[in-house]
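2 protein chains.
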Amino acid sequence: MKIGVLGTGTVGRTLAARLSELGHEVMIGTRDPAKSRARTTPDAYGNLPLGRWLESQPRLKLGSFAEAAGHGDPVVNATQGSASLEALEKAGTTRLDGKVLIDVSNPLDFSRGMPPTLFVKDSDSLAEQIQRDFPKTRVVKTLNTLTAALMVDPWRLDQAEHSVFLSGNDAGAKQAVRELLASFGWKDIIDLGDISTARGPEMLLGAWLRLYSALDTPLFNVKVVR
Amino acid sequence: MKIGVLGTGTVGRTLAARLSELGHEVMIGTRDPAKSRARTTPDAYGNLPLGRWLESQPRLKLGSFAEAAGHGDPVVNATQGSASLEALEKAGTTRLDGKVLIDVSNPLDFSRGMPPTLFVKDSDSLAEQIQRDFPKTRVVKTLNTLTAALMVDPWRLDQAEHSVFLSGNDAGAKQAVRELLASFGWKDIIDLGDISTARGPEMLLGAWLRLYSALDTPLFNVKVVR
């Protein structure tokens with residue numbers, strides 16, 4: 003498949019690399035490709051400069067948000083939550099119309115200190131904001147409850163005996179995302195319902211952040227035991 | 003031990019019955035014991051009238067919030083979240099001073115329709131509100147992420163291979179609660195840290211409510227796989 007991945011941080015890179023490894027034609031999108039490629043210092047999270055990292059991923063293409071959105075279906079939103087709506091606007095409504103948008107972002111607000119809070123929650127969610135702004139796009143929320151390394155390789159923990167969630171209004175879109183998740187190795191994929199159910203996994207971040215601190219590793223996930 | 007359980011709903015009854023079965027001297031507290039005992043119709047959740055139910059629990063005592071708080075250490079807050087601060091005020095600051103208060107409540111707001119939202123979250127929690135109002139009480143948040151039947155009998159699911167959380171400022175209080183949880187059968191008890199970490203498990207309700215709907219049963223829990 004042709005897949006666009008918006009965002010060049012850890013999550014975008016990890017998803018793009020794995021999708022590429024699985025044989026998909028992936029274009030990774032960023033605000034200003036020339037500027038991003040020219041950067042020579044690590045980003046705020048210590049990631050390799052993008053140009054250097056791309057050398058290790060010769061099959062990946064780099065483009066603008068608009069080019070990556072135009073290239074792929076599905077398109078993955080792996081931008082920072084606080085920048086997601088703006089990035090998707092740059093990607094362009096018409097380029098996203100009718101497409102599956104896999105939203106893995108979180109509405110994290112770092113302005114009030116650590117751990118971050120959520121800038122939308124409980125009676126609304128970032129996934130719903132995106133769906134409202136892009137009504138013809140088939141938004142599916144998933145994977146936002148995990149560190150990037152586990153998103154694409156659930157077998158790193160307990161033979162993949164743990165859970166991931168799906169929320170979205172379009173059954174066909176959810177089925178397509180389910181198949182993509184299965185190709186990553188996911189076994190327990192729980193369909194929570196329509197896009198409003200994304201409030202649940204987004205609010206799960208409140209627990210995730212405290213577990214990250216208590217366990218001193220991001221390599222954990224929840225298994226829904228029933 | 004002498005234990006006070008505030009609240010006579012499903013959660014309060016379930017905890018009181020189990021604690022009594024384990025040999026503790028339990029007093030269950032309600033706003034108006036005479037009125038509660040005189041009731042002859044099921045409550046809003048279909049529970050037996052309290053008097054009828056108490057006939058099946060001859061070792062349980064019934065008292066006011068103040069009497070139950072005076073009777074026990076620990077005291078369990080199993081009142082509805084929206085009524086917890088008022089119930090604890092009726093229990094009385096001096097009766098709660100120095101005691102372990104096990105807070106199993108959730109800040110659920112049913113006024114905006116179903117599923118309920120949370121009336122405090124993210125940058126504060128009900129557990130912190132309680133701790134602020136009762137600064138000499140040793141508040142421990144736990145068990146709020148589960149349906150009552152699982153709180154007291156984790157072995158109903160997967161040989162108790164799932165997780166429960168602790169949040170609180172007092173290490174001794176958390177140790178006491180840990181032992182009580184172990185006596186219920188809990189094996190994976192995760193100390194998240196101080197009382198502010200209760201924001202995590204309280205926000206987990208957002209996911210719990212959607213899972214309850216998607217799985218069509220409250221008999222589930224999360225296992226933190228790491």
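In the order they appear, the protein sequences are chains V and B. Take the first sequence: its letter number 132 is residue 134 in my numbering, and every next letter is one higher. Take the second sequence: its letter number 78 is residue 80 in my numbering, and every next letter is one higher. Note that beta-carbon positions come from the ideal geometry of N, C-alpha and C, so glycine has one too. All figures in this text were calculated on a predicted structure; none of them were measured in a lab.
| Check | Outcome |
| --- | --- |
| Chain B residues whose Cβ lies nearer than 9 Å to that of residue 109(V) | Simply none; closest approach about 10 Å. |
| Residue environment, residue 136(B), which counts as buried when at least 16 other CB atoms sit within 10 Å | buried |
| Min CB distance residue 192(B) to chain V below 9 Å | yes |
| Simplified DSSP assignment, three categories, for residue 53(V) | helix |
| Extent of the continuous alpha helix (DSSP H) to which residue 12(V) belongs | 12 to 23 |
| Coil, strand or helix - residue 155(V) by DSSP | coil |
| Delimiting residues of the alpha helix (DSSP H) encompassing residue 144(V) | Where residue 144(V) is concerned, there is no enclosing alpha helix (DSSP H), given that its DSSP letter is neither H nor E. |
| Local Cβ density within 10 Å of residue 36(B), reported as buried at 16 or more and exposed below that | exposed |
| For residue 6(B), the three-state DSSP class (helix, strand or coil) | strand |
| Three-state class that DSSP yields for residue 187(V) in the structure shown | coil |
| Residue 220(V) to residue 18(B) span [Cα, whole Å] | 37 Å |
| Same chain, Cβ closer than 6 Å to residue 189(V), neighbours up to 5 away in sequence not counted | 162 |
| Short CB-CB distance (under 9 Å) between residue 176(V) and chain B | no |
| Selected residue, minimal CA-CA separation from residue 150(V), among 177(V), 52(V), 11(V), 5(V) | 11(V) |
| Separation of residue 14(B) from residue 31(B), as counted between CA atoms | 9 Å |
| Under 9 Å (Cβ pairs) to chain B, residues found in the segment 141 to 165 of chain V | 147, 159, 160, 163, 164, 165 |
| Counterpart residues of residue 63(V) in DSSP-defined beta bridges | 29(V) |
| Top-ranked residue by Cα proximity to residue 127(B), from 217(B), 215(B), 199(B) | 199(B) |
| Start-to-end residues for the beta strand (DSSP E) that takes in residue 197(B) | Residue 197(B) -> no beta strand (DSSP E), and no H or E assigned at all. |
| Residue 99(V) versus residue 139(V) - alpha carbon distance | 5 Å |
| Rounded Cβ spacing between residue 7(V) and residue 80(V) (contact assumed at less than 8 Å) | 6 Å |
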